[in-house]
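First the structure, in the form of structure tokens, and then the observations on it.
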Amino acid sequence: MPGLRTELPLTGKIGLGVLLALLLAATFGPYFTPDAYDQNLARSLEGPSAAHWLGTDQIGRDLLARILVGARYSLLIGIGATFFGVVIGVSIGAVSGYFGGIFEAAAMRFMDLLMVFPGILIALMVIAVAGDGLGNVIFAVGLRAVPVFARLAQTSTHSIRAREYIVAARAAGASGIRILWSHVLPALLNSLVVLAALQVATSILIGATLSFLGVGLSPEMPEWGAMLNSGRRYIFQHWPLVVFPGLAIMITVLGINLLGDGLRSAADRRRDRGVALA
Amino acid sequence: MTLFLISIVAFFMLRLMPGDPAQVLAGQDASQELVAEIRTRLGLDQPVAVQYLKYLESLATGDLGYSIRSRQPVLEEVAARLPATLALGYSAILIALALGLLLGVWAAVRVGRWPDILVLMAALLGVSAPTFWIGLLLILLFSVHLGWLPVAATGRWDSFILPIATLVPLSLAIFSRLARSTMLDVLSEDYIRTAVAKGVKERVVLWRHALRNALIPVVTIAGLEFARLLGGVIAVETIFAWPGAGKALVDAIVSRDFPMIQGLILAFALVFALTNLLVDILNGIIDPRVRKA
Amino acid sequence: MKRKRLVSTALMLGLLTILTTPLRAESLRILLPSEFPTLDPVEILSGDQTMVMYHIYCRLYTFDDKMNPVPELLEKEDISSDGLTWRLTLRKGATFHDGTPVNAEAVKYMIERMRAKGGSQRVLFAAISDIKVENDSTVVLTTARPFPALRNSLAHPNAGLLSPKADKELGDRYGVRPVSCGPYKFKEWERGSRIVVDRNSAFYREPGEFEQIIFQFVPDVATRQFMMMRGEADVALRLGPAEARQVKAKGLEIISINGRNIFYSLNYAKAPTDDIRVRQAINYAVDKETIIERVLQGAGTPSRSVLEAMLWGHVPVGTYKYDPGKAKALLKEADPKSRTLVLLSPDNRYLLDSQVSQAVSGYLKEAGFQVDLRVIGDWAGYLDAVKRRDFNLYMLGWGGSTGDPDQVLQSVFNSKRAGQAWNYGSVSKPEIDKMMDEAGTTFDDAKRRAIYTDIQRRLFDDAPWLFMYRGTTFTAVNNKVKTIHTLDGPEFHYVFPLPK
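Residue numbers (the working numbering), protein chains in the order written: chain A, 1 to 278; chain B, 1 to 293; chain C, 1 to 500.
Below, the structure is given as structure tokens:
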């Protein structure tokens, strides 16, 4: 988006900064720490030290390394699930909004139904049917985001369907898919980006909740929720295990939320200006 | 309508399972005769449409089948666990509502100053921190370090404090933000300005006129918000060993107890539907315009 | 507005009190780590379930503190000289909680019911060929072969007597409303929360000490510790070493129990664990001593045989000492096509089980395996996964709940049970089968002991398990509890006196 640097409010810039720092840390951090899977029982449950900046976990693995590798999982789940939600949701919403009729009514009714349920409930149901595994977790968390994007796409498609340029394009013989792709989608893009950013945050939270509940991923994986789940047992003995992974989730989600809010107000500002010019 | 759709989803969930539902219901090492018997008893050898009608019929009579794990009627199992969940969920949402309104109004009156910024910050933190982590931190602080409060459901009133305190921030953020923004809108309306100009005391204006209007959107989303909050209850029940439906659902999913999962999902759906109804009624009471319409 | 707020406040207070029930002065509150689906003696799945059943059920025999069977409801035992016929005479006057008499018919009913329902422990009575009710208080059991462990079988919690009348009336519901003849009678079961039992004032011997016992399910160990320390409970089961230390520092009593023999069963029917060299490599690859010291924080001793000290006939055969070099060499020699091991682990079932499994997984990776670790928190769900037999290792703990090796060995290693409970690892060794049958049918203790020693040696060499440790568990007790029996091995607990 052009002009982002000037239009993004300070909080949004902070969010962007947090996110970039996180990406850097997740990509390169693990090269500077001990291996996240390397156990050393002789040094279990140690406090912070020069060798282990955040200390070690119950079987002597480096906590910082696990948190850094965990960032990869969280971002993968958050972005992957949102991507899934965008692709499926926008397809359903745009197609049903464009063609209308009984299909539109039925599809949207079903989307409303999915919206009624809390995301974690849907994700749990999907895992129950589909089984464990990273792919299934992404799918389960992503399914919850589908109706959010479907709604957005449907409303905007529905409203621009009757606009002159669309009618003209249709008269000129453009196919439905082509019109959706080249006219409808670009119009959606701004609100889509804002919504997607916020959905990445929610998806990360739900993914972490799933593995905290012991559902979906193996406890060996350095996923933040899973780490909190195994660390919970040591709450009386070794507090870093229940504090740091949660802090990592919070900072990540906060950063994304700040960025999302910032993008929203930037988009609002641009729209207001557009209205003023018109 | 919603319930009807949910019944379809719940019905097909079992059929989406890989493998034979009768085998799933009978358990891994059931004999072939038992599997066959279950298949006939549940009518699984009949067309899907017939199966669905039968399923609806048994739903209408309150028959949700038997839990695979406990071999007891699902209806009883669900009924035994729902009250604990509702007690937690409703207490939390009511407290979040009250607190959210209070904070929102406070922030709106002091817009741009520190209470306002504080509320905004707290709201942002509230939606960014995972619920279960807040629960763990509260346990760490109030149970482990200070030793003030119990960490699990003991049946006594004080065991409610931490779970509720864990859940409240989840919805507090949204309520206070919404209350703040509607309050700001309302405060700039003419009739409020007139009232102030007429010399009506600020407090009276605020609490009698403005709040009533700010209440409407907040109560309206309270229904949806309650659903989200119940999502949080699932994790909270696990942390605080709360004997409710959320924990039962996680257990049922881990042990693949499908009749139980079905029953619990239906129960949750029923609760959402009833809560939304309640919200509609409440809105009618608060806002006479809704009633007339 | 004001009235509305009043209403909502009242509503909230009402909700707050829904779960609030006042504590009774003479009640005892016991914290159990897990709930279980039923109290039906046909299906006993856990020590927690057994504890509740100990208080509700009575049996012909019971175990003394050393796991020897001693008479409970039994007055006289008369075994024929060929060892095939047992004439058992019951005490007169005992009644079930519903008032019906405890008689010979009820004993017959219990055994036949166990067989008809096909519980996982039907092996206990496999040897019985005929049951005859001689008169109201005498039952005659005939075994097809001499079966010295019958006493142990009848003392086992699976052999709890139940009221035939109640069972027939309740049908499928019996498991959640049990009716038996123990010192406490079942009152209510709040699903997901607790079970309450009341004193049985009509108990045939000295009635229970407490008016009521509340068994509360608290899965989280930190929570059990915490409730114990705050005086919200009187007994807490299965604390870890760190929790036990802190509770002890508060002046409460801690009982250490030498618990189960913990191991990973290896799958003979799935590569690469079908190869003995791979099984041995697995045993050499894992540093049991360090796991005990660091993960279990000292709460265990290395296991030295498939049988442990709580079982009669146990001999310490040896340990596979940690030797990563040897493990790698064996693996290289075996050179299996696949080096991936599927490892199933429960969570919160045994002390620190999933943590131990993670550590084991780490050691196996160091030795050159790829490990697919799957932790399944719910016990029933875990067993379902085990039954699918898509594993190379799965964790299990044996308590030896009859005190006699016959039951454990037959159910874990008999080739007839390959692929079923509890031989899911499909161990199939005809020579071991023959030796087990021989040992199980002789009354000659010296001969039995010799055979069992041989069996233990052979099994140790074949490495059917990744041998781990015998875990220590800790039970916290406050001064309200005057009598408590805790049995090593199966970790049975009960709070009433043994029969004299």
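Ideal Cβ placement from N, Cα and C applies to all residues, glycine included.
Boundaries of the alpha helix (DSSP H) around C:W379: W379 to K387. In the DSSP annotation of this structure, B:L206 is not part of any alpha helix (DSSP H), being labelled neither H nor E. For B:K247, the neighbours in chain C by C-beta distance under 7 Å run, in chain order, G192. Taking each of C:L39, C:Y469, C:I484 and C:L45 in turn and checking the Cα distance to C:G300, the smallest one comes out for C:Y469.
Boundaries cannot be given for C:D335, as no alpha helix (DSSP H) includes it and DSSP labels it neither H nor E.
Under the three-state reduction of DSSP, B:N276 is assigned to helix. Secondary structure within the region 262-337 of chain C: the beta strand (DSSP E) runs of 3 or more consecutive residues, fully enclosed, are 300-302 (chain order). Taken atom to atom, the span from the alpha-carbon of B:S91 to that of C:R115 is near 50 Å. The three-state secondary structure of B:D287, taken from DSSP, is coil.
With a cutoff of 8 Å on beta-carbon distance, A:A36 and A:A71 are scored as not near each other. Contact annotation: B:T166 and B:L125 have beta-carbon atoms that are not nearer than 8 Å.
Chain-order list of chain A residues neighbouring C:A242: Y234, F236 and Q237, by C-beta distance under 9 Å.
Contacts with chain B at 8 Å (Cβ-Cβ) do not include A:G207. For the options A:R270, A:L124, A:L210 and A:N190, the alpha carbon positioned closest to that of B:R256 is the one of A:L124. In summary, the residues of the region 123-143 of chain A whose CB is separated from some CB of chain B by less than 9 Å are L124, M125, I127, A128, V129, A130 and G131, in the order they occur in the chain.
Short of 6 Å from the beta carbon of C:F147, and not among the five residues preceding or following it, lie these beta carbons of its own chain, in chain order: A127.
Residues of the region 214-235 of chain B with a C-beta atom less than 7 Å from some C-beta of chain A are A227, R228, L230, G231, I234 and A235, listed in chain order. For the region 367-386 of chain C, the set of residues with a beta-carbon nearer than 7 Å to any beta-carbon of chain A comprises L373, R374, V375 and G377, in chain order. Cα atoms of A:G80 and B:E237: separation of roughly 28 Å, rounded to the nearest angstrom. Beta-bridge pairing by DSSP links A:D62 to A:T56. Residue pairing from DSSP places C:P69 in a beta bridge opposite C:F63.
As a beta-bridge residue in DSSP terms, C:T85 pairs with C:T142. With respect to the 8 Å criterion, C:F217 and C:E43 are not classified as neighbours on the basis of their beta carbons. C:L31: member of the beta strand (DSSP E) spanning S27 to L32, first to last residue. Rounded to whole angstroms, the separation of the alpha carbons of C:F413 and C:Y268 is 11 Å. According to DSSP, residue pairing for C:L343 in a beta bridge involves C:L373 and C:L393. In the structure shown, C:L124 adopts helical secondary structure according to DSSP, grouped into three states.
Annotated three-state conformation of A:W224 is helix, per DSSP.
By the CB criterion at 8 Å, C:W86 and C:L150 fall inside the cutoff. Excluding sequence positions up to five before and after A:G60, its CB lies within less than 6 Å of the CB of Q39, N40, L41, R43 and S44, all in the same chain and listed in chain order. Residues of chain B with a Cβ closer than 9 Å to the Cβ of C:A222 are, in chain order, I139, S143, V144 and V151.
Near chain B, meaning a CB-to-CB distance below 8 Å, the residues of the region 211-233 of chain A are F212, L213, G214, V215, G225, L228 and R232.
By a beta-carbon distance limit of 8 Å, C:S193 contacts B:P243. Their separation comes to about 3 Å. The alpha carbon of C:I79 has as its nearest neighbour, out of C:L73, C:E431 and C:L88, the alpha carbon of C:L88.
The beta carbon of B:A227 sits closer than 6 Å to those of F272, all from its chain and outside the five residues before and after it, given in chain order.
The beta carbon of A:G93 does not come within 8 Å of any beta carbon belonging to chain B, so the residue lies off that interface.
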